[in-house]
Amino acid sequence: MKFLGLKSYQIRWFLTIALITLGVYLGLKYLLPLIFPFLVAYFIAWIIRPVTELLYNKLKIPRVVGGSAALILLVAVFGTALCMLINVLIRQAFEFVKNIPIYLEIITDKLDSICRRCDQLMGCDCGTVRAIVDDHLTNGFNNLKSNLVPKLTGHTITITIATIAFIGILLIIFVAAVLIVKDLPVFHEKAEKNQIYKDIHRVTEKLSEAGLAYLRCQLIIMIIVAVICILGLTLIKNNYAVLIGIGIAIMDALPILGSGIVLVPWGIIVLINGNIYVAAILITTFLLAQIVREILEPKLIGNRIGIKPIFTLIAMYIGVKLFSIAGFILGPIGLIIIITIFKVVNEKTGNTANQDNVFYNED
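Using my numbering, count along the sequence shown one by one with no gaps and you end on 379.
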């Protein structure tokens with residue numbers, strides 16, 4: 017059977033990909049927001065389950081009690097670490113705000129110098145270019161003030177309601193996590209007899225292998241890069257080492273951008289200004305971050321995902337277009353889901369010969 021010159025297996029290939037892609041899009045768009053709290057609860061339950069089972073098997077403590085205790089301990093540990101991190105970030109943010117007048121004075125001096133050179137190049141009277149720049153800056157600030165402040169004031173009630181809703185969702189997640197830990201063994205025992213569960217489990221098993229490998233890899237590398245950047249910025253006595261270091265680590269996880277988009281220009285500028293020590297530290301920090309990513313990424317992910325960077329970038333772009341800022345994460349995850357489901361469908365139908373590895377690295 018041929019259609020538009022395509023063979024039957026090619027038609028099935030395209031239809032399968034199209035249906036899977038449509039299903040993944042609908043799932044991420046409409047189903048994920050409804051079940052996301054319970055996915056988080058399941059992940060938390062997966063973390064605290066070993067402790068819960070240990071307490072249940074060794075000390076005969078009920079799973080509800082053991083799960084609650086393990087959850088409280090987990091929240092206490094991560095909550096304390098998070099509070100300490102937020103405290104450092106807030107202190108550095110306040111220090112930055114306090115020093116804004118100093119930075120504005122430095123920027124003003126640089127701007128005066130640039131404007132004087134422009135006046136000389138264009139043969140204008142001294143101060144002409146600066147007057148034009150000041151006029152545009154004043155209009156820009158006035159527009160920002162007139163548009164931003166009323167919006168922030170008008171959304172105060174909305175922000176308050178959203179905060180209360182967020183707290184409520186957190187409580188639902190914690191309660192759901194304890195209940196999942198309690199009923200998980202019984203659920204697995206009953207569900208394993210169901211054929212639909214077996215098919216879903218095949219997909220989720222491969223998905224967890226690929227998806228968790230990707231997320232774990234990015235998280236580990238981000239943490240190491242953040243530590244390297246914070247240490248490097250601390251060596252040059254930067255007052256915002258933690259704030260900038262975490263920001264660079266987040267950018268380093270994005271394709272194309274990377275840590276070099278901040279560290280390399282920064283290093284070049286300070287080198288031009290004659291500060292060789294600071295430039296050497298910044299460039300060394302960039303090189304260390306790149307070496308860590310190049311070494312750890314293949315080892316942590318291996319052949320379990322290996323999606324080519326260009327397709328990760330395309331997935332991110334499409335994700336942002338479809339899901340706004342969340343698409344930076346949902347795009348690559350959606351691509352992993354599509355590829356995983358397609359592989360499982362092909363394995364089940366015995367049609368493994370026609371799988372196309374165009375998405376994957378062959379290194």
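All C-beta atoms, glycine included, are put in the ideal place defined by N, C-alpha and C.
Can you list, in chain order, the residues of its chain whose CB lies under 7 angstroms from that of D128, leaving out five sequence neighbours each side?
-> R146
Check your understanding: Which residue's Cα is closest to the Cα of L71: I63, I185, K214, G83?
Key -> G83
Run of the alpha helix (DSSP H) containing P66, from where it starts to where it stops: 48-75
Checklist entry - Where do the N-terminal and C-terminal ends of the alpha helix (DSSP H) with S129 fall, by residue? => result 116-138
Collapsed DSSP secondary structure at G350 in the structure displayed:
helix
Own chain residues within Cβ distance below 8 angstroms of L249, not counting five before or after:
Y256, A257, I260, G261, T301
Leaving out five residues on either side along the sequence, give the residues of the same chain with a beta carbon under 8 angstroms from the beta carbon of A342.
G335
- In whole angstroms, what separates the C-alpha of I33 from that of I345? 21 angstroms
* How big is the Cα-Cα spacing for I239 and C142? -> 50 angstroms
Q) Rounded to the nearest angstrom, how far is the Cβ of P53 from that of I188, given a contact under 8 angstroms? A) At roughly 6 angstroms, the Cβ-Cβ gap stays under 8 angstroms, so P53 and I188 are in contact.
Cα-Cα separation between T144 and D135, rounded to whole angstroms:
So the alpha carbons of these two residues sit roughly 7 angstroms apart.
When you compare the CB positions of V264 and L279, do they come within less than 8 angstroms of one another, or not?
Before going on, a small fix: residue 264 reads as Ile here, not Val. Against a cut-off of 8 angstroms, the Cβ pair of L279 and I264 comes out as a contact.
- Query: Cα separation between I244 and L304?
  - Reply: 7 angstroms
Problem - Reduced DSSP secondary structure (H/G/I, E/B, other) of N362 - result: helix
- Query: How many angstroms separate the CA atom of L247 from the CA atom of W282?
  - Reply: When rounded, the separation of the alpha-carbon atoms in L247 and W282 is 16 angstroms.
- Item | Span of the alpha helix (DSSP H), counted from its first residue to its last, around G283 | 276-288
Beta-carbon within less than 8 angstroms of C140's beta-carbon, same chain only, minus the 5 sequence neighbours each way: which residues are those?
C134
Expressed to the nearest angstrom, what Euclidean distance is found between the alpha-carbon atoms of I297 and M138? 39 angstroms
key: Boundaries (first-last residue) of the alpha helix (DSSP H) holding L44   = Premise fails: L44 is in no alpha helix (DSSP H) and is neither H nor E.
Problem - With 16 other Cβ atoms within 10 Å as the buried cut-off, status of T172 - result: exposed
- Beta-carbon separation of Y58 and I196 under 8 angstroms? yes
- [ ] Tell me whether F110 is buried or exposed, calling it buried when 16 or more other Cβ atoms sit within 10 Å of its Cβ.
- [x] exposed
- Message: Can you find the residues in the same chain that come closer than 7 angstroms, C-beta to C-beta, to I277, ignoring five residues on each side of it along the sequence?
- Response: M267
**OP:** Tell me the start and end of each unbroken alpha helix (DSSP H) in the stretch 178-251 that is at least 4 residues and wholly inside, in chain order.
**Re:** As far as the stretch 178-251 is concerned, its whole alpha helix (DSSP H) runs of at least 4 residues are 211-251.
Exercise. Determine contact between the stretch 191-205 and the stretch 73-83, defined as no fewer than three beta-carbon pairs at a distance below 8 angstroms.
Key: Verdict: yes, contact present.
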